[in-house]
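A.B. asks:
2 protein chains.
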Amino acid sequence: VSAAAAYVSVSRLRVAPERCAELVSAFQQRAHLVDEFDGFVALEVWESDREPGEIWMVSRWRDRQAFTRYMRSQAHDVSHQRIDAELRAAIKLERLEHMRGFDVVAR
Amino acid sequence: VSAAAAYVSVSRLRVAPERCAELVSAFQQRAHLVDEFDGFVALEVWESDREPGEIWMVSRWRDRQAFTRYMRSQAHDVSHQRIDAELRAAIKLERLEHMRGFDVVAR
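Heads up: the sequence lines are chains A and B, in that order.
For the first sequence, the numbering used here gives the first residue as 7, with consecutive numbering after it.
For the second sequence, the numbering used here gives the first residue as 7, with consecutive numbering after it.
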């Protein structure tokens, strides 16, 4: 975590609980394309401890512009296409949140 | 960000938009107590880009047990008491989410 990660995109997804592992694996493939993109800081996948099947994809960016450029890029299209079509159809995007991060405290 | 941050607590808060700066400042005070707690990894404050007054307090922990121990600790009580009573009363906790983090990719 660094103060440079000033923009955070949170995609709140839902899948059938038994498909969580498959979805995580799909994100691991995807990560390889995003990780060289200018302004990309980090990608995490969080799984709800209480709501089975609720998964958050949390990506961090230098700024909003970097995120917007990525969303419009070919790299983003390709990474989406990599996800199996049947799995993609089974994922429900419940909410997309954009946050400005600040005040980072780390040990 | 490190793979050791396996447990994430997200408090989704709401205050009047004009009080956001005051709330962030209160968290900065609070951070000084949590940051030596066993199992604490990081604390961030995220502010919604679209919903004025929506603030997420995101804390990371080595594991769920460390988080639970902190929540029951005197350090937690003291840090809460440090927040001005009038401000505390103006903060609405909309949702508390507990996530297991995995699959961290960072540049």
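For glycine and all other residues, C-beta sits at the position ideal for the given N, C-alpha and C.
Just so we're clear, the structure is a prediction, and the values are computed from it rather than from any experiment.
Which chain B residues sit within Cβ distance under 8 Å of residue 104(A)?
C.D. replies: Here residue 104(A) refers to the residue found at position 98 of the first sequence. Those within 8 Å of residue 104(A) in chain B are 54, 55, 56.
A.B. asks: Between the Cα of residue 45(B) and the Cα atoms of 59(B), 77(B), 58(B), which residue gives the shortest distance?
C.D. replies: Taking the second sequence and counting its residues from 1, one reaches residue 45(B) at position 39. Comparing Cα-Cα distances from residue 45(B) to each of 59(B), 77(B), 58(B), the minimum goes to 77(B).
A.B. asks: How would you write the range of the alpha helix (DSSP H) that residue 94(A) sits in, first residue to last?
C.D. replies: As a first step, residue 94(A) is located in the first sequence; it is residue number 88 there, counting from the start. Where residue 94(A) is concerned, the enclosing alpha helix (DSSP H) stretches over 91-96.
A.B. asks: Taking the straight line between their C-alpha atoms, what separation do you get for residue 8(B) and residue 94(B)?
C.D. replies: For the purposes of this step, residue 8(B) is taken as residue 2 along the second sequence, with counting starting at 1. For the purposes of this step, residue 94(B) is taken as residue 88 along the second sequence, with counting starting at 1. With a pLDDT of 45 at residue 8(B), under the threshold of 50, the modelled position of that residue is not reliable, and no figure is offered here.
A.B. asks: Which chain A residues sit within Cβ distance under 9 Å of residue 126(B)?
C.D. replies: Past the edges of chain B, shown from 7 to 113, lies residue 126(B), and the structure says nothing about it.
A.B. asks: I'd like to check one pair, residue 20(A) with residue 60(A): are the Cβ atoms closer than 9 Å?
C.D. replies: Walking along the first sequence from the start, residue 60(A) turns up at place 54. Walking along the first sequence from the start, residue 20(A) turns up at place 14. Closer than 9 Å, so yes.
A.B. asks: Mind checking which residues open and close the beta strand (DSSP E) that includes residue 115(B)?
C.D. replies: Shown here, chain B extends from 7 to 113; a query on residue 115(B) therefore has no answer.
A.B. asks: Can you check whether the C-beta of residue 50(B) is within less than 9 Å of a C-beta belonging to chain A?
C.D. replies: Here residue 50(B) corresponds to residue number 44 of the second sequence, with the count starting at 1. By this cut-off, residue 50(B) is an interface position.
A.B. asks: With a 10 Å radius around its C-beta and 16 neighbouring C-beta atoms as the bar for buried, classify residue 29(B) as buried or exposed.
C.D. replies: As a position in the second sequence, residue 29(B) is number 23, starting the count at 1. Per the 10 Å Cβ criterion, buried.
A.B. asks: Hey, is residue 113(B)'s beta-carbon within less than 9 Å of any beta-carbon in chain A?
C.D. replies: The sequence position of residue 113(B) within the second sequence is 107, counting from 1. Note that residue 113(B) has pLDDT 49, beneath the 50 cutoff, so the model's placement of it is unreliable and no number is given.
A.B. asks: Given a cut-off of 9 Å, decide if residue 43(A) and residue 75(A) are closer than it, judged by their beta-carbon atoms.
C.D. replies: As a first step, residue 75(A) is located in the first sequence; it is residue number 69 there, counting from the start. As a first step, residue 43(A) is located in the first sequence; it is residue number 37 there, counting from the start. Contact: yes.
A.B. asks: Who are the near neighbours of residue 58(B) in its chain, counting only those whose CB is closer than 7 Å to its CB and skipping five residues on each side?
C.D. replies: Residue mapping note: residue 58(B) aligns to position 52 of the second sequence, counting from 1. Closer than 7 Å at the Cβ level, and outside the excluded window around residue 58(B), lie 23.
A.B. asks: Mind pulling the chain A residues with CB within less than 7 Å of residue 14(B)?
C.D. replies: The residue labelled residue 14(B) in the question sits at position 8 within the second sequence. Within chain A, the residues near residue 14(B) are 52.
A.B. asks: Which residue wins for smallest C-alpha separation from residue 72(B), given the options 40(B), 35(B), 27(B)?
C.D. replies: Translated into the one-based positions of the second sequence, residue 72(B) becomes position 66. Nearest of 40(B), 35(B), 27(B) to residue 72(B), Cα basis: 40(B).
A.B. asks: In angstroms, rounded to a whole number, what distance separates the CA positions of residue 83(A) and residue 32(A)?
C.D. replies: Residue mapping note: residue 83(A) aligns to position 77 of the first sequence, counting from 1. Residue mapping note: residue 32(A) aligns to position 26 of the first sequence, counting from 1. Whole-angstrom Cα-Cα distance: 14 Å.
A.B. asks: Would you kindly check if the distance between the Cβ of residue 69(A) and the Cβ of residue 13(A) is under 9 Å?
C.D. replies: Counting from one through the first sequence, the residue named residue 13(A) turns up at place 7. Counting from one through the first sequence, the residue named residue 69(A) turns up at place 63. In contact: residue 13(A) and residue 69(A) (Cβ atoms closer than 9 Å).
A.B. asks: Quick check on the burial criterion: 16 or more other C-beta atoms within 10 angstroms. Buried or exposed for residue 53(A)?
C.D. replies: In the first sequence, the residue the question calls residue 53(A) occupies position 47. Buried.
A.B. asks: Among 88(A), 55(A), 100(A), whose alpha-carbon lies nearest the alpha-carbon of residue 34(A)?
C.D. replies: As a first step, residue 34(A) is located in the first sequence; it is residue number 28 there, counting from the start. Of 88(A), 55(A), 100(A), the residue nearest in Cα terms is 88(A).
A.B. asks: Name the chain A residues whose beta carbon is nearer than 7 Å to that of residue 67(B)?
C.D. replies: Counting from one through the second sequence, the residue named residue 67(B) turns up at place 61. Result: empty, since nearest Cβ-Cβ is about 11 Å, beyond 7 Å.
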